[in-house]
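J.: Residue numbers (this note's numbering), protein chains in the order written: chain A, 3 to 201; chain B, 3 to 201.
Number of protein chains: 2
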Amino acid sequence: MAAVTAPKPDRNPKQDRSRATRQRLLEAAVSCLAEHGWVGSTVAVVAERAGVSRGAAQHHFPTREDLFTAAVEYVAEERSQALRTLPSRDRHEAVAALVDLFTGPLFRAALHLWVAASGEEQLRARVTELEARVGRESHRIAVEVLGADESRPGVRETVQGLLDMARGLGLATLLTDDRARRDRVVAQWARLIDEALDA
Amino acid sequence: MAAVTAPKPDRNPKQDRSRATRQRLLEAAVSCLAEHGWVGSTVAVVAERAGVSRGAAQHHFPTREDLFTAAVEYVAEERSQALRTLPSRDRHEAVAALVDLFTGPLFRAALHLWVAASGEEQLRARVTELEARVGRESHRIAVEVLGADESRPGVRETVQGLLDMARGLGLATLLTDDRARRDRVVAQWARLIDEALDA
Numbered sequence: 003m004a005a006v007t008a009p010k011p012d013r014n015p016k017q018d019r020s021r022a023t024r025q026r027l028l029e030a031a032v033s034c035l036a037e038h039g040w041v042g043s044t045v046a047v048v049a050e051r052a053g054v055s056r057g058a059a060q061h062h063f064p065t066r067e068d069l070f071t072a073a074v075e076y077v078a079e080e081r082s083q084a085l086r087t088l089p090s091r092d093r094h095e096a097v098a099a100l101v102d103l104f105t106g107p108l109f110r111a112a113l114h115l116w117v118a119a120s121g122e123e124q125l126r127a128r129v130t131e132l133e134a135r136v137g138r139e140s141h142r143i144a145v146e147v148l149g150a151d152e153s154r155p156g157v158r159e160t161v162q163g164l165l166d167m168a169r170g171l172g173l174a175t176l177l178t179d180d181r182a183r184r185d186r187v188v189a190q191w192a193r194l195i196d197e198a199l200d201a
Numbered sequence: 003m004a005a006v007t008a009p010k011p012d013r014n015p016k017q018d019r020s021r022a023t024r025q026r027l028l029e030a031a032v033s034c035l036a037e038h039g040w041v042g043s044t045v046a047v048v049a050e051r052a053g054v055s056r057g058a059a060q061h062h063f064p065t066r067e068d069l070f071t072a073a074v075e076y077v078a079e080e081r082s083q084a085l086r087t088l089p090s091r092d093r094h095e096a097v098a099a100l101v102d103l104f105t106g107p108l109f110r111a112a113l114h115l116w117v118a119a120s121g122e123e124q125l126r127a128r129v130t131e132l133e134a135r136v137g138r139e140s141h142r143i144a145v146e147v148l149g150a151d152e153s154r155p156g157v158r159e160t161v162q163g164l165l166d167m168a169r170g171l172g173l174a175t176l177l178t179d180d181r182a183r184r185d186r187v188v189a190q191w192a193r194l195i196d197e198a199l200d201a
């Protein structure tokens with residue numbers, strides 16, 4: 003009974019502050035990577051952007067690799083979660099929502115990380131592992147929002163190809179805003195995917 | 003008549019040498035970009051790789067942007083030409099050949115150039131224009147090798163989506179060799195495209 007009236011330990015507010023600091027760092031890291039690329043993205047730059055001391059940033063993320071791989075994973079999870087909790091929709095809307103996952107700052111940040119990792123041994127192992135996790139999660143979500151039955155032959159590869167197409171559309175968006183073209187491609191492929199999944 | 007017996011002017015061997023030097027530089031530039039990325043790719047590094055003096059390299063390509071955009075365009079044209087002159091094939095082979103355009107050192111080089119261009123104003127305008135030209139050419143070749151009739155509704159977008167998917171597969175190849183997965187996706191999408199183009 004004593005526990006009920008005892009003052010709350012001050013660990014929780016501290017933990018909350020720590021979690022909030024961590025989130026600010028992760029979000030600042032993704033924006034920084036999306037805007038300035040890997041070369042322009044350091045722990046110091048991100049700490050300043052997040053309004054966090056460099057020491058605090060290094061407490062949360064001892065290395066640059068730790069910070070940026072955690073950032074891409076965190077934001078990818080946030081977006082996946084948001085996609086999952088949206089109300090159910092038709093296949094066209096589902097395809098459009100999946101493609102949208104690959105055209106914003108998160109994709110741009112991940113792209114900078116992938117390209118940097120292709121030439122840096124230390125980063126490469128981390129990013130390859132991250133990419134496998136994020137890729138599996140994207141696939142699970144795609145199957146769910148499309149209502150796809152993977153026990154049927156070809157369905158798994160149809161969904162994988164769609165995610166590859168979304169990634170390619172994201173890459174095309176890197177230099178120019180090609181939304182009009184993308185919308186037409188999405189409309190047509192939503193039709194083809196719909197037929198393929200119901201065939 | 004005198005012209006017939008006159009010694010050939012020595013301009014042609016010189017022109018041949020100049021053309022050969024230019025080609026060596028362009029090919030070295032693509033390999034260099036694919037292996038070392040934009041930051042590690044300078045005119046001096048490429049000249050050394052091609053066994054050409056730095057002065058000669060700068061005679062052909064006054065700026066770094068000139069050299070690398072010309073290189074990506076040259077190699078893209080070579081590959082497109084090769085694809086065009088292959089014997090006619092079925093749709094599955096055509097889809098596989100198109101996807102192959104996006105998975106080698108050329109795509110890797112182009113990817114480094116795109117990502118660098120997204121953050122460098124001067125390079126960006128050049129690469130955006132280059133990408134539009136190469137993109138239109140890839141589309142023309144895809145229509146040709148697939149035997150697609152673009153006058154029919156949806157066919158243009160079907161072909162564009164395939165090229166976007168090929169680009170996404172190329173991106174997935176950047177960090178890991180996922181050939182086995184790619185082959186399965188290509189087999190399934192070749193079926194979908196075959197049906198869509200004949201529908």
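Where a beta carbon is used, it is the ideal one built from N, C-alpha and C, also for glycine.
Going by DSSP in three states, T71 (chain A) sits in which element: helix, strand or coil?
T.: Helix, per DSSP.
J.: Which residues in the same chain as W40 (chain A) place their Cβ atom closer than 6 Å to its Cβ, once the five residues preceding and following it in sequence are excluded?
T.: For W40 (chain A), where only same-chain residues beyond five positions count, the Cβ hits under 6 Å are H114, A118.
J.: Answer yes if the stretch 60–69 of chain A comes into contact with the stretch 58–65 of chain B, meaning at least three C-beta pairs across the two stretches below 8 Å, and no otherwise.
T.: In short, these stretches do not touch, since the Cβ pair count stays below three.
J.: With a Cβ-Cβ cutoff of 9 Å, do F104 (chain B) and L171 (chain B) count as a contact?
T.: Cβ distance < 9 Å, so F104 (chain B) and L171 (chain B) count as in contact.
J.: Among the residues of its own chain, which have a CB less than 7 Å from the CB of P203 (chain A), if the five just before and after it don't count?
T.: Any answer about residue 203 (chain A) is impossible in this case: the structure gives chain A only from 3 up to 201.
J.: Quick one, are the C-beta atoms of R186 (chain A) and A174 (chain A) less than 9 Å apart?
T.: Cβ distance not < 9 Å, so R186 (chain A) and A174 (chain A) don't count as in contact.
J.: Once the 5 residues before and after R91 (chain A) are set aside, which same chain residues still bring their CB inside 8 Å of it?
T.: Cβ within range, chain order: A99, V147.
J.: I'd like to know if the stretch 76–89 of chain B and the stretch 47–61 of chain B are in contact, where contact means that at least 3 CB-CB pairs between them fall below 8 Å.
T.: Flag = no, the stretch 76–89 of chain B and the stretch 47–61 of chain B do not touch.
J.: Could you pull out every residue in the same chain whose Cβ sits closer than 8 Å to the Cβ of L85 (chain B), ignoring the five residues on either side in sequence?
T.: Once the five neighbours on either side are set aside, the close Cβ partners of L85 (chain B) are A99, L100, L103, I143, V147.
J.: If you draw a straight line from the C-alpha of Q124 (chain A) to the C-alpha of V45 (chain A), how long is it?
T.: Between Q124 (chain A) and V45 (chain A), the C-alpha separation is close to 17 Å.
J.: Is it right to say E152 (chain B) is buried, meaning 16 or more other beta carbons lie within 10 angstroms of its own, or is it exposed?
T.: Looking at its Cβ environment, which holds fewer than 16 other Cβ atoms inside 10 Å, E152 (chain B) is exposed.
J.: Straight-line CA distance for W191 (chain A) to E159 (chain B)?
T.: The alpha-carbon atoms of W191 (chain A) and E159 (chain B) are separated by roughly 8 Å.
J.: When you check each C-beta in the stretch 113–135 of chain B against every C-beta of chain A, which residues fall closer than 9 Å?
T.: Result list: L113, H114, W116, V117, A118, A119, S120, G121, R126, V129, T130, E133, A134.
J.: Assuming contact is defined by CB atoms lying nearer than 9 Å, are A1 (chain A) and E29 (chain A) in contact in what I supplied?
T.: Any answer about residue 1 (chain A) is impossible in this case: the structure gives chain A only from 3 up to 201.
J.: Mind checking the stretch 143–163 of chain A against chain B and listing, in chain order, the residues whose C-beta falls within less than 7 Å of any C-beta there?
T.: Residues G156, E159, T160, Q162, G163.
J.: Work out the CA separation of M167 (chain A) and L164 (chain B) for me, nearest whole Å.
T.: Roughly 7 Å between the two C-alpha positions.
J.: Report the residues of the stretch 181–195 of chain B with a CB closer than 9 Å to any CB of chain A, ordered along the chain.
T.: Those residues of the stretch 181–195 of chain B that come within reach of chain A (Cβ to Cβ, closer than 9 Å) are R183, R184, R186, V187, V188, A189, Q190, W191, R193, L194, I195.
J.: Pop quiz: E75 (chain B) and V129 (chain B) are said to be a contact at Cβ under 8 Å. What is the actual Cβ separation, rounded to whole angstroms?
T.: About 10 Å separates the two Cβ atoms, so there is no contact after all.
J.: Which same chain residues, not among the five before or five after N14 (chain B), have their C-beta less than 6 Å away from its C-beta?
T.: Closer than 6 Å at Cβ, skipping near neighbours: no residue.
J.: May I ask which residues mark the beginning and end of the alpha helix (DSSP H) holding E122 (chain A)?
T.: E122 (chain A) -> no alpha helix (DSSP H), and no H or E assigned at all.
J.: Listed from N- to C-terminal order along the chain, which residues in the stretch 37–71 of chain A have their beta-carbon within a distance smaller than 7 Å of any beta-carbon of chain B?
T.: For the stretch 37–71 of chain A, which is checked against every Cβ of chain B, the residues closer than 7 Å are H38, G39, V41.
J.: Please state whether DSSP places A150 (chain B) in a helix, a strand or coil.
T.: Of the three classes helix, strand and coil, the one that applies to A150 (chain B) here is coil, per DSSP.
J.: What does the Cβ neighbour count give for Q17 (chain B), buried or exposed, with the cut at 16 atoms within 10 Å?
T.: It counts as exposed.
J.: Using the C-alpha atoms, what's the distance from D179 (chain A) back to A112 (chain B)?
T.: For A112 (chain B) and D179 (chain A), the distance between alpha carbons rounds to 18 Å.
J.: Report the neighbours of L108 (chain A) on chain B: residues whose CB is nearer than 8 Å to its CB, in chain order.
T.: Ordered by position in chain B, no residue passes the 8 Å Cβ test against L108 (chain A), which lies about 15 Å from the chain.
J.: My output table needs one value for P64 (chain B): the three-state DSSP class, helix, strand or coil.
T.: In this structure, P64 (chain B) counts as coil in the three-state DSSP scheme.
J.: Could you spell out where the alpha helix (DSSP H) holding D102 (chain A) opens and where it closes?
T.: 93–102 is the extent of the alpha helix (DSSP H) around D102 (chain A).
J.: Which residues in the same chain as V157 (chain A) place their Cβ atom closer than 7 Å to its Cβ, once the five residues preceding and following it in sequence are excluded?
T.: Within the same chain, V157 (chain A) has close Cβ partners A150, D151, L199.
J.: At the 9 Å Cβ level, is R26 (chain B) part of the contact set with chain A, yes or no?
T.: No, its Cβ sits nowhere closer than 9 Å to a Cβ of chain A.
J.: With a threshold of 6 Å on Cβ separation, who are the neighbours of A52 (chain A) within its own chain once the five nearest residues in sequence on each side are excluded?
T.: Result list for A52 (chain A): R26, L27, A30, in chain order.
J.: What is the rounded straight-line gap between the Cα of A201 (chain A) and the Cα of P155 (chain A)?
T.: Spanning the two alpha carbons is a distance of roughly 11 Å.
J.: Can you name, in chain order, every residue of its own chain whose Cβ lies under 6 Å from the Cβ of S55 (chain B), other than the five neighbours on each side?
T.: Result list for S55 (chain B): empty, nothing under 6 Å.
J.: Would you tell me roughly how many angstroms separate the C-alpha atoms of D196 (chain A) and G57 (chain B), rounded to the nearest one?
T.: Between D196 (chain A) and G57 (chain B), the C-alpha separation is close to 58 Å.
J.: For E139 (chain A), which residues from the same chain have a beta carbon less than 8 Å from its beta carbon, with the 5 sequence-adjacent residues on both sides left out?
T.: Around E139 (chain A): A78, E79, S82.
J.: Confirm, please, whether the CB-CB distance from G121 (chain A) to H38 (chain B) is below 9 Å.
T.: Cβ atoms of H38 (chain B) and G121 (chain A): closer than 9 Å.
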